[in-house]
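Protein chains in written order, with my numbering: chain H, 1 to 258; chain S, 259 to 573.
Here it is as C-alpha cells:
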C-alpha cells in the first residue's frame, strides 16, 4: 500500500533539513494517499512543523524532495540536480496547497471577506465577483457567513482560525496542511475548529495535520505518524500507533500526553 | 491566644438591607483646582500683554498678513514642502526597498546614501547644490563613460528653486528611507509567511499586505518629517528664494518692523502646521482600520458627544 509514489498525493522522500548545526529533519519518508487524513504527532522539537513547512517550500530542503500530485515542489530536476525554482514559480505551486498556521495570520487590515478574496484574485486572477461568491459559500460552510464584513481582530480565536481555514480553502487546494491549528486557542474554542476539520475530512479532503490532540487523531486520522528527533519513528492506522505502539519512544510520548 | 470570630473582625458590618442607604463620595482634590486657577492667571496675563503691549504693533501685522507678497511667499513655502515631501518619500521608499533587499551590494549602496545625507547639514548641502554649476557646467544624457547624446547648462536645468527642491528632497529621502524601513520591519513576519503560503505575487504582497500595515508605524514619524520640512524650508532663505521667512526678512529690512512681521510668519507657520496635523489625524485613523476593537472618535464626534452629554445633564 505505502511506498508507491504513483498513488500518493503527497510524497516525501529522504528529506533532510538543517538549521545551522542543528539537523531538524534527518531523512523523512512519507506518503499521503489522496482523500486521507495524516496526523503527525511528536514532542516539541521533533521536526513535525518543519516537515509541514517543507511540504509547501516555506523551508528549503538540504536533501531529498517533496512531490505533490506528481509535481516536484520548489525544485526542478535537471539531470541529477534539483534546481530551486524562481520565487514566482514557487508561489504558483503554493496556490495548490492550503496552509493553516498556529497563529492564524489573518490580514488584520482586511475584512474577513477580503481575507478570503485576496489570494484567488491576486494569485489566480479569479474575477472579483466570482471570488466573493465563493468566499461567502466557504464562510457559510465554517459557520461564519454573518462575519463577512468584520475585521479579524473582532473575532474570537476559534472564529479567526475558522476564517483562516476558509481562506486556505478559497484556493481550492489539492492538499490542506495544518500546523498545530488549535495550539493557540483557549480550551473551550478548540472543539469548534476541530469540528470544521473533521467536516473537511468527511468530504474527502487530503490533509496533513500537525497537532497535540490525540483524541482528534484517533477519531479522524487514516494514518498517524509519530516523529521524534527528526525521524519518523513509526506510522500506521491510529489503532496500531496509539493503542499498540511498537517503539519505546512512542510509548513514552503517549504516556505523557494521554 | 483567642480565636477571632468574623463578627469581631468586622465590627462595622451592617445588615445587608442597609446597603442602598450608603452614598459613595469620590476623593476631593482641592489643590488641583488651585493649580489650575494659577495657570489660568498666568495665561491671562500673557494674552493681556499680547493685546495691550504696543510693541506687537498689530496694525502692521494686519497690513501685511494677507498682502500679496506674503501670500505669494506662503505659496512658495507650500510648493517647496510639497515637492520635498513627494520626491523625498518616493526616493526614500526606493532606498528603503534597497536596504531590505537580498543583495548585499544594493544594501550597502542604500546604507551609504543614508549615512552620507544624514551626515551633511542641510544648509551645507543646499549651498553646494546652488553652486553645482561650478563643478559641472553642463549635464548630459548618454552612455556612462561613453558618448553623450544631449547636454544642458546646469543652471538652466536647475535654477535656484530647482536646486532647493533637489537639496530638500535628497535630504528628506535619507530620513524617509529609515522611517519606511522601520515601519516595514514592524509588520509581523507571520503576515509575509501567510501571503507567501497563499501564493500571492511578490509585488502584491508588498503593496496589499505589508505596506498598509507598515503605514501605522510610518505615519506618525512621516508627519513629523513633513511638518519639520515645512518649517525647515525657511532655511532656503540662504539661496534668496522668496519663501515665507525670506519675504518677511525683506519686508522688515525695508520697514524696520521686525516683531509684527515675525508674527506674520509665525501665524502662517502655526496655521498650516495645524492643518497638516488634522490631515495626519484622519489619515492615521484610516490606516488603523481593523486594528482596534472600536475606532476612536474624531475630534468632531467627541465635541458632539460632549454637547449631547451636557444637554442631557441639564434635562
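Cβ atoms here follow ideal geometry from the backbone N, Cα and C, with glycine treated the same way.
Since this is a predicted model, take the numbers as computed values, not measurements.
Chain-ordered chain S contacts of residue i [CB-CB under 7 Å]
i	result
residue 75(H)	Near residue 75(H) there are no residues of chain S at all, since even the closest Cβ is about 17 Å away, more than 7 Å.
residue 87(H)	460
residue 119(H)	456, 457 and 458
Alpha carbon of residue i to alpha carbon of residue j, nearest angstrom
i	j	result
residue 1(H)	residue 544(S)	Annotation note: pLDDT 41 at residue 1(H) (below 50); position unreliable, coordinate value reported separately. For residue 1(H) and residue 544(S), the distance between alpha carbons rounds to 56 Å.
residue 462(S)	residue 122(H)	7 Å
residue 172(H)	residue 87(H)	21 Å
residue 560(S)	residue 568(S)	12 Å
residue 235(H)	residue 189(H)	29 Å
residue 328(S)	residue 494(S)	16 Å
residue 89(H)	residue 441(S)	29 Å
residue 3(H)	residue 478(S)	In this prediction, residue 3(H) scores a pLDDT of 45, lower than 50, which makes its location untrustworthy; the coordinate-derived value is nonetheless stated afterwards. Using only the alpha carbons, I get a separation of about 58 Å.
residue 325(S)	residue 513(S)	15 Å
residue 5(H)	residue 22(H)	Interpretation of residue 5(H) is limited by its pLDDT of 47, a score under 50 that renders its predicted location unreliable; the figure taken from the coordinates is listed afterwards. If I take the Cα positions, the gap works out to 29 Å.
residue 318(S)	residue 395(S)	45 Å
residue 409(S)	residue 399(S)	6 Å
residue 487(S)	residue 480(S)	10 Å
residue 445(S)	residue 547(S)	15 Å
residue 53(H)	residue 197(H)	19 Å
residue 473(S)	residue 447(S)	16 Å
residue 378(S)	residue 49(H)	49 Å
residue 149(H)	residue 138(H)	14 Å
residue 259(S)	residue 280(S)	Residue confidence for residue 259(S) is low, a pLDDT of 47 falling below 50, so the modelled location carries little weight; the figure read from the coordinates is stated next. Straight-line Cα distance between these residues: approximately 36 Å.
residue 520(S)	residue 533(S)	20 Å
residue 174(H)	residue 97(H)	6 Å
residue 62(H)	residue 163(H)	34 Å
residue 306(S)	residue 528(S)	20 Å
residue 135(H)	residue 29(H)	35 Å
residue 333(S)	residue 170(H)	52 Å
residue 330(S)	residue 320(S)	16 Å
residue 237(H)	residue 199(H)	20 Å
Terminal residues of the alpha helix (DSSP H) in which residue i lies
i	result
residue 23(H)	Residue 23(H) -> not in any alpha helix (DSSP H); beta strand (DSSP E) instead, spanning 22-32.
residue 539(S)	516-545
residue 41(H)	Here residue 41(H) belongs to no alpha helix (DSSP H); instead the beta strand (DSSP E) covers 37-41.
residue 569(S)	557-572
residue 483(S)	469-490
residue 306(S)	288-310
residue 511(S)	502-513
residue 50(H)	48-55
residue 498(S)	It is not in any alpha helix (DSSP H) - residue 498(S) carries neither H nor E in the DSSP assignment.
Boundaries (first-last residue) of the beta strand (DSSP E) holding residue i
i	result
residue 11(H)	10-19
residue 207(H)	206-210
residue 63(H)	63-68
residue 100(H)	97-100
residue 78(H)	75-78
residue 83(H)	81-84
Beta-carbon neighbours of residue i, restricted to chain S and to distances below 8 Å
i	result
residue 94(H)	454, 455, 456 and 457
residue 140(H)	None at all; the shortest Cβ gap to chain S is about 21 Å.
residue 91(H)	454, 457, 458, 459 and 460
residue 41(H)	The premise fails here: residue 41(H) is roughly 22 Å from chain S at the closest Cβ pair, so nothing lies under 8 Å.
residue 144(H)	Result: empty, since nearest Cβ-Cβ is about 16 Å, beyond 8 Å.
Expected contact under 8 Å - CB spacing of residue i and residue j to nearest Å
i	j	result
residue 177(H)	residue 99(H)	5 Å
residue 152(H)	residue 181(H)	With a Cβ gap of about 16 Å, residue 152(H) and residue 181(H) do not count as contacting.
residue 223(H)	residue 36(H)	7 Å
residue 322(S)	residue 522(S)	5 Å
residue 431(S)	residue 350(S)	4 Å
residue 434(S)	residue 338(S)	With a Cβ gap of about 16 Å, residue 434(S) and residue 338(S) do not count as contacting.
residue 341(S)	residue 353(S)	No, residue 341(S) and residue 353(S) are not in contact; Cβ-Cβ is about 18 Å, not under 8 Å.
residue 211(H)	residue 457(S)	The Cβ separation is near 24 Å, so there is no contact.
Interface residues of chain H facing residue i [CB-CB closer than 7 Å]
i	result
residue 467(S)	107
residue 440(S)	None at all; the shortest Cβ gap to chain H is about 18 Å.
residue 448(S)	101, 103 and 105
Interface residues of chain H facing residue i [CB-CB closer than 9 Å]
i	result
residue 471(S)	107, 108 and 109
Beta-carbon neighbours of residue i, restricted to chain S and to distances below 9 Å
i	result
residue 123(H)	456, 457, 458, 459 and 462
residue 58(H)	451, 454 and 455
residue 185(H)	Under the 9 Å cutoff, chain S gives no residues; its nearest Cβ is about 16 Å from residue 185(H).
residue 171(H)	456 and 457
- Item | Residue ranges of each beta strand (DSSP E) within the region 219-258 of chain H, 3 or longer | 223-228 and 231-236
- Task: Give the residues from the region 451-463 of chain S that approach chain A closer than 9 Å (Cβ to any Cβ), ordered along the chain.
- Result: This model lacks chain A altogether; the protein chains it does include are H and S.
- Message: Extract the residue ranges of the beta strand (DSSP E) inside the region 116-188 of chain H, only unbroken runs of 3 or more that lie entirely within it.
- Response: If only uninterrupted beta strand (DSSP E) runs of at least 3 residues are considered, those enclosed by the region 116-188 of chain H are 175-179.
- Message: For a minimum of 4 consecutive residues, which ranges assigned as the alpha helix (DSSP H) are wholly contained in the region 316-361 of chain S?
- Response: 316-323 and 326-357
- Message: Give the list of continuous alpha helix (DSSP H) stretches no shorter than 4 residues that lie fully inside the region 399-462 of chain S.
- Response: 412-443 and 447-455
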